[in-house]
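Remarks on the structure that follows.
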Amino acid sequence: MQNYDVIVLGAGINGCGIAEKFASDGKHVLLLDKNGVGQGTSSKSSRLIHGGLRYLETGQLHLVHESLRDRKRLVEKYPELIEYKRFFLPIYKSSPRPGWMIRLGLWMYDLLSGTRSAGKSHREDIDDFHKRFPAFVEQELRSVLSYVDAKTHDRELTRRVADDFQNLTGSVIVHCDVQNIAWDSTGFILYSSAGNFRAPVLVNATGPWIDEVNEKYSFPANFQLRKVSGIHLIFDGLVVPELMFMQTRERRVFFIIPEPESNQTLIGTTEREEHESMDLLNAKEADIQYLLDQINAYLKPDHQFQREDVRDIYIGVRPLVRKKGAMSDVSREYKLDLHTKGDTKLLHIFGGKLTTYLSLAEKVIKVLRIG
Ligand SMILES: Cc1cc2nc3c(=O)[nH]c(=O)nc-3n(C[C@H](O)[C@H](O)[C@H](O)COP(=O)(O)OP(=O)(O)OC[C@H]3O[C@@H](n4cnc5c(N)ncnc54)[C@H](O)[C@@H]3O)c2cc1C
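If you read the sequence shown in this note's numbering, its first letter stands for residue 170, the second for the next number, and so on.
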């Protein structure tokens with residue numbers, strides 16, 4: 170039996186961030202995953218370190234503010250992995266939101282960013298846009314705005330945080346099947362394919378698997394997830410020269426993200442409520458066609474994409490949090506759910522974006538207060 174101060178279950182961005190934070194405070198930490206590091210949602214995102222411009226519309230100012238603060242810290246911490254980029258936002262006559270509303274949103278976004286180094290939003294020259302984005306239809310384009318957010322590579326970032334944790338003498342065990350977890354007021358014992366481990370504190374950072382994990386180990390929990398999947402399509406070549414924030418007629422949004430490092434372009438994402446087990450999920454043809462239709466609505470006839478142009482597809486699940494038993498009241502903000510038996514502490518991490526992992530890890534340390 171090996172003893173630790175803390176065991177973290179789940180090596181996505183949140184589990185890695187929490188493990189690293191505890192290790193940097195001198196704690197003896199074990200990080201376990203049933204797959205590899207960053208193989209879950211943390212490699213299925215839009216790869217943005219962003220405040221979430223569209224959350225302003227639903228009044229989630231706290232989330233946007235915290236995310237923008239973390240964005241600044243992350244760009245400074247990992248400049249080789251996270252870079253500020255300008256996003257182009259064309260506004261057509263058919264745009265579901267008027268130009269003034271988007272300009273107001275961008276003004277607030279600039280204000281909440283509070284950093285000059287990132288750069289401010291502004292109006293782009295339309296003729297220049299037509300020259301640089303020749304595939305886009307020209308009729309009925311009213312204006313083009315641009316703003317700044319940050320871009321990363323999600324799995325590389327997660328692996329980097331795991332490497333930082335290991336450099337602090339933290340232990341990572343991947344492809345580990347935890348068969349059973351026993352807990353009482355003296356601590357947890359994890360019985361796994363890699364051996365048995367004991368700790369007084371267990372952090373459950375299994376992302377969108379959390380409900381399945383809680384059921385498997387009969388853990389108490391005050392929250393549940395609403396699992397909403399999103400897919401991304403990958404195309405060969407750089408479809409556009411800059412990142413783009415696009416609107417659909419139904420007021421949804423999607424991104425076009427050129428990745429010069431791989432000479433590919435990502436387009437995503439979608440929203441679909443999922444009820445299947447996490448390990449059985451697949452991208453649906455209807456969602457693939459939906460994204461093709463959305464992008465094609467903006468492209469000239471000789472630049473349209475066909476199904477066979479799609480080089481690859483990936484699917485991830487957003488862990489949206491709801492109070493146990495409640496069907497509505499879903500939030501994109503994360504919740505820390507603490508359960509104790511004597512000095513033994515079980516903490517569930519419900520939700521949490523890639524962007525906010527630093528703040529989340531800091532809050533976890535405060536909530537657990539390990540001496
Ligand atoms: C389509 C989409 C786009 C997104 N885009 C962005 C974006 O651009 N920017 C942003 O900030 N956020 C974005 N997000 C959100 C972000 O990607 C996730 O919220 C974040 O990656 C969740 O990280 P996590 O560590 O909580 O979960 P995960 O990365 O899913 O990690 C959970 C880990 O737990 C492991 N696990 C599961 N069960 C067990 C078990 N029984 N035992 C051991 N290990 C287990 C899994 O293998 C997995 O590695 C997006 C999400 C989606 C779905």
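Beta carbons are placed, not taken as given, at the ideal position from N, Cα and C, and that holds for glycine.
Keep in mind the model is a prediction, meaning the values are calculated, not measured.
* Euclidean distance between Cα positions of Asn349 and Ser315 -> One C-alpha to the other measures close to 51 Å.
* What is the rounded straight-line gap between the Cα of Met277 and the Cα of Glu442? -> 30 Å
* Quick one: Cα of Ser431 to Cα of Leu217, how far? -> One C-alpha to the other measures close to 16 Å.
* Could you give the distance in angstroms between the alpha-carbon of Met496 and the alpha-carbon of Gly399? -> Reliability fails at Met496, whose pLDDT of 47 lies under 50, so the model's placement of it is uncertain and the value that follows must be treated cautiously. Near 20 Å, if we compare the C-alpha coordinates of Gly399 and Met496.
* Asked: Are the region 312-329 and the region 203-220 touching, with three or more C-beta to C-beta distances below 8 Å?
  -> Segments in contact, yes.
* **Beta-carbon gap between Gly520 and Lys504 smaller than 9 Å** => Cβ distance < 9 Å, so Gly520 and Lys504 count as in contact.
* Any heavy atom of ligand 1 closer than 8 Å to the CB of Glu381? -> yes
* Taking 8 Å as the cut-off, is the CB of Arg216 close to at least one heavy atom of ligand 1? -> yes
* Asked: If Pro377 and Pro488 are in contact, beta carbons under 8 Å, what's the gap, nearest whole angstrom?
  -> 5 Å
* Let me know the secondary structure DSSP gives Ser282 once reduced to three states. => helix
* Asked: Based on the DSSP secondary-structure assignment, which residues constitute the bridge partners of Leu394?
  -> Val490
* To do: Would you mind giving the Cβ-Cβ distance between Ala374 and Val177, rounded to the nearest angstrom? I have them listed as a contact below 8 Å.
  => 6 Å
* Asked: On the three-state DSSP scale, how would you describe Thr327?
  -> helix
* CB contact flag (Lys289, Asp297, <9 Å) -> no
* To do: Kindly examine ligand 1 and report whether one of its heavy atoms sits closer than 8 Å to the Cβ of Lys213.
  => yes
* To do: Rounded to whole angstroms, what's the CA-CA distance from Asp478 to Asn465? Just pull it up for me.
  => Rounded to the nearest whole angstrom, the CA to CA distance from Asp478 to Asn465 is 12 Å.
* Between the region 357-370 and the region 393-413, do three or more beta carbon pairs fall short of 8 Å? -> no
* Beta carbon of Tyr570, beta carbon of Val306: below 9 Å? -> A question about residue 570 goes unanswered here, because the residues of the chain that appear run from 170 up to 540.
* With a CB to CB cut of under 8 Å and the five nearest residues on each side skipped, what residues in its chain are close to Gly406? -> The answer, listed in chain order, is Asn432, Gln433, Thr434.
* Asked: According to DSSP, what are the bridge partners of Lys320?
  -> Leu217, Glu252
* To do: Report yes or no: is there a C-beta of chain B within less than 9 Å of the C-beta of Leu273?
  => In summary, chain B is missing from the structure at hand, where a single protein chain is found.
* Cβ separation of Leu412 and Lys320, assumed to be a contact under 8 Å, to the nearest whole Å -> 7 Å
* Asked: Sorted by chain position, which residues of the same chain lie with C-beta nearer than 8 Å to Ile457's C-beta, five sequence neighbours on each side aside?
  -> Ile400, Leu402, Arg476, Val479, Ile482
* Hey, which unbroken runs of the alpha helix (DSSP H) at 4 residues or more fall wholly within the region 406-476? -> 454-465
* So the alpha helix (DSSP H) His231 belongs to, where does it begin and stop? -> 230-246
* Collapsed DSSP secondary structure at Asn183 in the structure displayed -> helix
* N- and C-terminal bounds of the alpha helix (DSSP H) containing His299 -> 295-301
* Asked: Heavy atom of ligand 1 less than 8 Å from the Cβ of Arg487, yes or no?
  -> Result yes, Cβ under 8 Å from ligand 1.
* Using 8 Å as the Cβ pair cut-off and three pairs as the minimum, do the region 515-535 and the region 183-194 touch? -> yes
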